[in-house]
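In what follows, a single structure is set out as structure tokens and then discussed.
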Amino acid sequence: MSIIPYVVNSFLNDPSHHSTLATIKGLRQGIVYGAKVRFAHSLVQAILFRREPWPQRIRFIIRMSYLHGKNLGLFVFCYKTLRTIFASVFGISKPWRAFVCAFIVGYVTFNEHNSVNEQIIYYLLARITVGLARYAQKRAWLPRIQQPVFPWFAAFVWGVVLWLFECHRETLQPSLTRSMVYLYDNSERWSSWRNFLVRDSRP
Numbered sequence: 005m006s007i008i009p010y011v012v013n014s015f016l017n018d019p020s021h022h023s024t025l026a027t028i029k030g031l032r033q034g035i036v037y038g039a040k041v042r043f044a045h046s047l048v049q050a051i052l053f054r055r056e057p058w059p060q061r062i063r064f065i066i067r068m069s070y071l072h073g074k075n076l077g078l079f080v081f082c083y084k085t086l087r088t089i090f091a092s093v094f095g096i097s098k099p100w101r102a103f104v105c106a107f108i109v110g111y112v113t114f115n116e117h118n119s120v121n122e123q124i125i126y127y128l129l130a131r132i133t134v135g136l137a138r139y140a141q142k143r144a145w146l147p148r149i150q151q152p153v154f155p156w157f158a159a160f161v162w163g164v165v166l167w168l169f170e171c172h173r174e175t176l177q178p179s180l181t182r183s184m185v186y187l188y189d190n191s192e193r194w195s196s197w198r199n200f201l202v203r204d205s206r207p
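As structure tokens, this is what we get:
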């Protein structure tokens, strides 16, 4: 075995370096995951909704992927760093340590109101709403309902989103509005078999 890989692997697997290396690996994971998720989303957005020449669309895809990867990577890196500091210096219990560190880092890294940050936060909001409801059931703060809840939940969500779209669409998030326009408004327009079946009719 070459000496360089051996030395590097020995350093990486030394338990005394674990906390520091975990923050670096977290940075890497956040960048890769964020860029991969946003690349796929931005590619679909560029194909379906954007009308600029393709060089501009490609720049849009790269810019959105960069922002998502950068923000998520920085959040993971800073959160893990701050969590390590809080654990070693202040000795705060795990639940409070997780919340306080994420609260501080979330404010610092996601304070800019842009489309990427907005979509990340809305995604998390939907998930933590369900998570908090399950936590409340776990703690017996809410009763466990035996009947299926999801069909009613789905019906309520679709009812509200279509009501807002049909009557108050200016209140919806722009990317959601574009998706709804594509599905519901654009399906009202056509002039030939081409823009009826093959490609969308442009307004």
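Using my numbering, you'd call the opening residue of the sequence shown number 5 and step up by one each time. Virtual Cβ for every residue (Gly too), placed ideally from N, Cα, C. Owing to the predicted nature of the structure, the values given are computational and were not obtained by experimental measurement.
What's the C-alpha gap between residue 115 and residue 150?
41 Å
What residue does the alpha helix (DSSP H) around residue 69 start on, and which one ends it?
58-89
Since residue 27 and residue 84 are thought to touch, with beta carbons under 8 Å apart, how far apart are those beta carbons, to the nearest angstrom?
That pair is a contact at about 4 Å.
Buried or exposed for residue 120, please, with buried defined as at least 16 other CB atoms from any protein chain shown within 10 angstroms of its CB.
Buried.
Our contact map puts residue 46 next to residue 69 with C-beta atoms below 8 Å; I'd like the distance itself, whole angstroms only.
6 Å
If you check the beta carbons only, do residue 72 and residue 32 fall under 7 Å apart?
Cβ distance not < 7 Å, so residue 72 and residue 32 don't count as in contact.
Could you say which of 130, 178 and 106 lies nearest to residue 54 if we only look at CA atoms?
178
Determine the burial state of residue 17: buried for a count of at least 16 other Cβ atoms within 10 Å of its Cβ, exposed for fewer.
exposed
Selected residue, minimal CA-CA separation from residue 166, among 100, 108, 180 and 146:
180
Applying the criterion that 16 or more other CB atoms from any shown protein chain within 10 Å of the CB defines a buried residue, is residue 77 buried or exposed?
Buried: at least 16 other Cβ atoms inside 10 Å.
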